[in-house]
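Peer 1: Its first residue numbered 7, the sequence shown is counted upward by one per residue in the working numbering. Even for Gly, the Cβ is constructed at its ideal location relative to N, Cα and C.
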Amino acid sequence: MKNIAEFIAQIERDKCTYNAWVYEKEGCYKQLKCSNTINCYSYLKEITEYHLQIVVELNNNNLDNYLLLPEINVVTHIGFNNQKVTSLAA
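#1: Which same chain residues, not among the five before or five after I53, have their C-beta less than 8 Å away from its C-beta?
#2: Run the CB neighbour count on Y56, radius 10 Å, all protein chains shown included, and call it buried at 16 or more, exposed below.
#3: Using CA atoms only, rank isn't needed, just tell me which of Q16, V81, L73 and N9 is closest to K90.
#4: Locate the beta strand (DSSP E) running through Q37, then write down its first and last residues.
#5: Can you give the beta carbon distance from C22 to N79, rounded, assuming they're within the 8 Å contact cut?
#6: Taking the alpha-carbon positions, what's the C34 to N9 distance?
Quick look at the structure:
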(Lines of atoms letter the chains of each structure in order from A and count residues from 1; the text may use other names and numbers.)
(Lines give C-alpha, C1' and ligand atoms only; values in the text may rest on other atoms or scores of the structure.)
Protein backbone atom coordinates (compact mmCIF):
# COMPACT_ATOMS: atom_id res chain seq x y z
CA MET A 1 0.00 0.00 0.00
CA LYS A 2 1.09 3.55 -0.66
CA ASN A 3 -0.48 6.97 -0.62
CA ILE A 4 -2.16 8.41 -3.70
CA ALA A 5 0.34 11.23 -4.33
CA GLU A 6 3.27 8.75 -4.33
CA PHE A 7 1.38 6.42 -6.66
CA ILE A 8 0.55 9.17 -9.18
CA ALA A 9 4.12 10.51 -9.04
CA GLN A 10 5.48 7.02 -9.71
CA ILE A 11 3.29 6.32 -12.74
CA GLU A 12 4.08 9.81 -14.06
CA ARG A 13 7.84 9.17 -13.70
CA ASP A 14 7.44 5.80 -15.43
CA LYS A 15 5.26 7.43 -18.12
CA CYS A 16 2.60 4.75 -17.67
CA THR A 17 -0.65 5.14 -19.51
CA TYR A 18 -3.77 4.04 -17.70
CA ASN A 19 -7.50 3.50 -17.82
CA ALA A 20 -9.56 4.87 -14.95
CA TRP A 21 -12.76 3.36 -13.64
CA VAL A 22 -15.06 4.81 -10.96
CA TYR A 23 -17.60 3.06 -8.79
CA GLU A 24 -21.03 3.11 -10.40
CA LYS A 25 -23.42 0.76 -8.56
CA GLU A 26 -23.90 -2.75 -7.24
CA GLY A 27 -20.19 -3.54 -7.11
CA CYS A 28 -19.56 -2.45 -10.72
CA TYR A 29 -17.31 0.27 -12.07
CA LYS A 30 -17.64 2.39 -15.21
CA GLN A 31 -14.71 3.48 -17.32
CA LEU A 32 -13.85 7.16 -17.62
CA LYS A 33 -12.64 8.67 -20.86
CA CYS A 34 -9.18 10.26 -20.58
CA SER A 35 -8.25 11.50 -24.01
CA ASN A 36 -5.85 14.33 -23.08
CA THR A 37 -2.62 12.39 -22.60
CA ILE A 38 -0.63 15.57 -21.89
CA ASN A 39 -2.68 16.26 -18.79
CA CYS A 40 -3.62 12.71 -17.80
CA TYR A 41 -1.78 12.71 -14.46
CA SER A 42 -3.38 15.97 -13.34
CA TYR A 43 -6.73 14.51 -14.45
CA LEU A 44 -6.11 11.51 -12.20
CA LYS A 45 -5.32 13.86 -9.29
CA GLU A 46 -8.51 15.78 -10.01
CA ILE A 47 -10.85 12.78 -10.09
CA THR A 48 -9.59 11.68 -6.66
CA GLU A 49 -11.34 14.77 -5.31
CA TYR A 50 -14.73 13.70 -6.69
CA HIS A 51 -14.85 9.91 -6.36
CA LEU A 52 -14.49 7.66 -3.32
CA GLN A 53 -13.34 4.58 -5.24
CA ILE A 54 -11.21 4.66 -8.37
CA VAL A 55 -9.71 1.69 -10.17
CA VAL A 56 -6.58 2.43 -12.19
CA GLU A 57 -5.58 -0.12 -14.79
CA LEU A 58 -1.97 0.51 -15.80
CA ASN A 59 -1.22 -0.25 -19.42
CA ASN A 60 2.19 -1.73 -18.82
CA ASN A 61 3.44 -5.22 -19.59
CA ASN A 62 1.63 -6.71 -16.59
CA LEU A 63 -1.75 -4.90 -16.78
CA ASP A 64 -1.59 -4.04 -13.07
CA ASN A 65 -4.77 -2.84 -11.37
CA TYR A 66 -4.97 -0.62 -8.32
CA LEU A 67 -7.79 0.64 -6.13
CA LEU A 68 -7.48 4.25 -5.01
CA LEU A 69 -9.40 5.18 -1.88
CA PRO A 70 -9.08 8.98 -1.58
CA GLU A 71 -11.05 9.19 1.66
CA ILE A 72 -8.22 7.40 3.49
CA ASN A 73 -5.43 8.27 0.98
CA VAL A 74 -4.53 4.66 0.17
CA VAL A 75 -3.68 2.78 -3.02
CA THR A 76 -3.72 -1.03 -3.02
CA HIS A 77 -3.12 -3.67 -5.65
CA ILE A 78 -6.29 -5.49 -6.75
CA GLY A 79 -7.66 -8.10 -9.11
CA PHE A 80 -10.09 -6.47 -11.55
CA ASN A 81 -12.18 -8.27 -14.17
CA ASN A 82 -15.46 -7.55 -15.99
CA GLN A 83 -15.90 -4.15 -14.29
CA LYS A 84 -15.63 -5.69 -10.81
CA VAL A 85 -12.95 -5.92 -8.13
CA THR A 86 -12.26 -9.63 -7.75
CA SER A 87 -9.55 -9.57 -5.06
CA LEU A 88 -7.64 -7.21 -2.77
CA ALA A 89 -3.97 -7.41 -1.84
CA ALA A 90 -3.35 -8.07 1.81
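Peer 2: Answer, in terms of the structure:
#1: In the sequence shown, residue 53 corresponds to position 47, counting from 1. Correct list, in chain order: A26, V28, L38 and I60.
#2: Counting from 1 along the sequence shown, the entry for residue 56 is found at position 50. Answer is exposed; the Cβ neighbour count stays below 16.
#3: Taking the sequence shown and counting its residues from 1, the one referred to as residue 90 is at position 84. Nearest of Q16, V81, L73 and N9 to K90, Cα basis: L73.
#4: Start at 1 with the first residue of the sequence shown, and residue 37 comes out as number 31. Note, Q37: beta strand (DSSP E), C34 to L38.
#5: The residue given as residue 22 occupies position 16 in the sequence shown. The residue given as residue 79 occupies position 73 in the sequence shown. In fact, because the Cβ distance is near 20 Å, the residues do not count as touching under 8 Å.
#6: Taking the first residue of the sequence shown as position 1, residue 34 is located at position 28. Taking the first residue of the sequence shown as position 1, residue 9 is located at position 3. Taking the straight line from one Cα to the other gives about 24 Å.
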